[in-house]
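Trainee: The sequence shown: position 247 = 296 (our numbering), numbered continuously.
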Amino acid sequence: MTPMERLQAALNGLGLKAVEARIEGLLEQASKKQPSYADFLDELLSCEVDARRSRYLRARLQLAHLPFVKNFDQFDFGFQPSIDERQIRELRSLRFIHEASNVVFLGPPGVGKTHLSVALAEAAIQSGFGAYFMTAHDLVTDLGRAYREGRLDRRMRVYLAPKVLIIDEMGYLPLDEMGATIFFQLVSARYERGSIILTSNKSYGDWGSIFGDPIIATAILDRLLHHSTTINIRGESYRLKDRRKAGLFPRAEEDDRTAPFPSSPTLQNGPRRQGSTSSRKTGAPLPAAGRSADSP
Ligand code: ADP
Ligand code: MG
50 MTPMERLQAA LNGLGLKAVE ARIEGLLEQA SKKQPSYADF LDELLSCEVD
100 ARRSRYLRAR LQLAHLPFVK NFDQFDFGFQ PSIDERQIRE LRSLRFIHEA
150 SNVVFLGPPG VGKTHLSVAL AEAAIQSGFG AYFMTAHDLV TDLGRAYREG
200 RLDRRMRVYL APKVLIIDEM GYLPLDEMGA TIFFQLVSAR YERGSIILTS
250 NKSYGDWGSI FGDPIIATAI LDRLLHHSTT INIRGESYRL KDRRKAGLFP
300 RAEEDDRTAP FPSSPTLQNG PRRQGSTSSR KTGAPLPAAG RSADSP
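(1) Mind checking S85: buried by the 16 CB within 10 Å criterion, or exposed?
(2) What separation, rounded to the nearest whole angstrom, lies between the Cα atoms of P309 and Y221?
(3) Just the C-alpha distance for V152 and A195, rounded to the nearest angstrom, thanks.
(4) At a cut-off of 6 angstroms, would you count P158 as near the ligand ADP, judging by its Cβ distance to the nearest heavy atom?
(5) If you follow the beta strand (DSSP E) that Y105 is part of, which residue opens it and which one closes it?
(6) Does at least one heavy atom of the ligand ADP sit under 6 angstroms from the Cβ of G161?
(7) Could you tell me which whole alpha helix (DSSP H) segments of length 4 or greater appear in the segment 130-163?
(8) Inspect the CB distances between the segment 171-184 and the segment 211-227 and report whether three or more fall short of 8 angstroms.
(9) Which value, in whole angstroms, describes the spacing of the CA atoms of A66 and L75?
(10) Mind the definition here: the segment 95-102 touches the segment 146-166 only if three or more C-beta pairs lie below 8 angstroms; say whether that holds.
(11) Can you grab the Cα-Cα spacing for the pair D291 / I137, in whole Å?
Okay, here's the thing in structure tokens:
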């Protein structure tokens with residue numbers, strides 16, 4: 050065995066795959082540049098550390114179950130002037146995750162709610178937080194099945210474990226009573242423990258119709274919004290912008306008549322429920338099997 054072969058066998062045995070793949074180049078470069086021993090070792094090990102970090106991030110990204118991976122740089126804020134970039138900057142600091150507070154993106158289809166949620170999730174993962182993405186419908190279907198099969202508590206843990214849970218497309222489909230109860234339970238269990246990023250095409254005032262019951266809707270909003278940021282996007286669909294340019298769709302003003310976000314001033318900030326406990330007293334019925342998911 051030549052020294053080079055021995056070196057490669059050792060790197061292989063130690064599982065230093067990234068160094069093994071690049072060792073010849075690294076050695077060649079070192080013989081040219083003549084770095085100090087410390088600099089050389091630093092470069093060698095950094096190569097492995099970086100490779101492991103990106104492998105780890107890729108795995109975390111995959112686990113997060115995102116529908117696509119997009120970041121903030123890919124978002125054209127110029128196209129969506131109703132978004133307050135200062136608010137977005139604050140969210141990007143990820144302070145909301147440390148505070149276990151929630152983020153709600155409201156707006157009609159195509160304005161970038163999912164894109165921004167995914168971008169936040171990606172930033173969270175880059176910073177070492179766990180994230181998990183699910184549409185509201187799939188989530189409630191999954192937990193509903195678990196409830197019927199008597200394993201709601203165990204299944205609930207999947208949605209309680211990640212520091213950031215993204216619930217997409219709340220309100221596209223109404224929930225039945227069981228769905229509403231399960232959703233209430235999930236929001237209660239994550240309350241002040243982990244962040245929820247939620248997107249909806251329905252303004253808060255219309256949430257009663259999602260849950261079929263204004264009392265449970267109030268109880269859910271109470272917990273969801275106590276520590277939260279609402280980003281209300283009132284703009285055009287990005288999906289339609291090119292087709293609109295070609296004259297295939299009506300102008301935005303005409304759209305507004307049917308949009309779920311008429312220019313009601315209360316929508317801009319959403320209801321403020323700071324410190325409110327009134328609806329918490331009202332409570333909401335819980336399926337017996339799930340009660341313990343509410344306690345630590
Ligand atoms: P929503 O969830 O509000 O329906 P999406 O986030 O799915 O909308 O956006 C629809 C598509 O348009 C996605 O591919 C998204 O990346 C893109 N998109 C939306 N808004 C913007 C924007 N302002 N800049 C760049 N891409 C955008
Ligand atoms: Mg979406």
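Note that beta-carbon positions come from the ideal geometry of N, C-alpha and C, so glycine has one too.
Mentor: In short:
(1) Label assigned to S85: exposed.
(2) In this predicted model, P309 has a pLDDT of only 46, less than 50, meaning its place in the structure is not dependable enough to derive any value.
(3) Answer to the nearest angstrom: the Cα atoms are 27 angstroms apart.
(4) Relative to the ligand ADP, the beta carbon of P158 is positioned inside 6 angstroms of a heavy atom.
(5) Where Y105 is concerned, there is no enclosing beta strand (DSSP E), although the alpha helix (DSSP H) around it starts and stops at 86-113.
(6) Yes, since a heavy atom of the ligand ADP falls inside the 6 angstroms radius drawn around the Cβ of G161.
(7) For the segment 130-163, whole alpha helix (DSSP H) runs of length 4 or above, ordered along the chain, are 134-141, 144-147.
(8) Between the segment 171-184 and the segment 211-227 there are three or more inter-stretch CB-CB distances shorter than 8 angstroms, so the stretches are counted as touching.
(9) According to the sequence provided, residue 66 is Lys. The question's Ala does not apply to it. Going from the Cα of K66 to the Cα of L75 covers about 14 angstroms.
(10) Remark: fewer than three beta-carbon pairs, one from each stretch, lie closer than 8 angstroms, so the segment 95-102 and the segment 146-166 are not flagged as touching.
(11) Taking the straight line from one Cα to the other gives about 25 angstroms.
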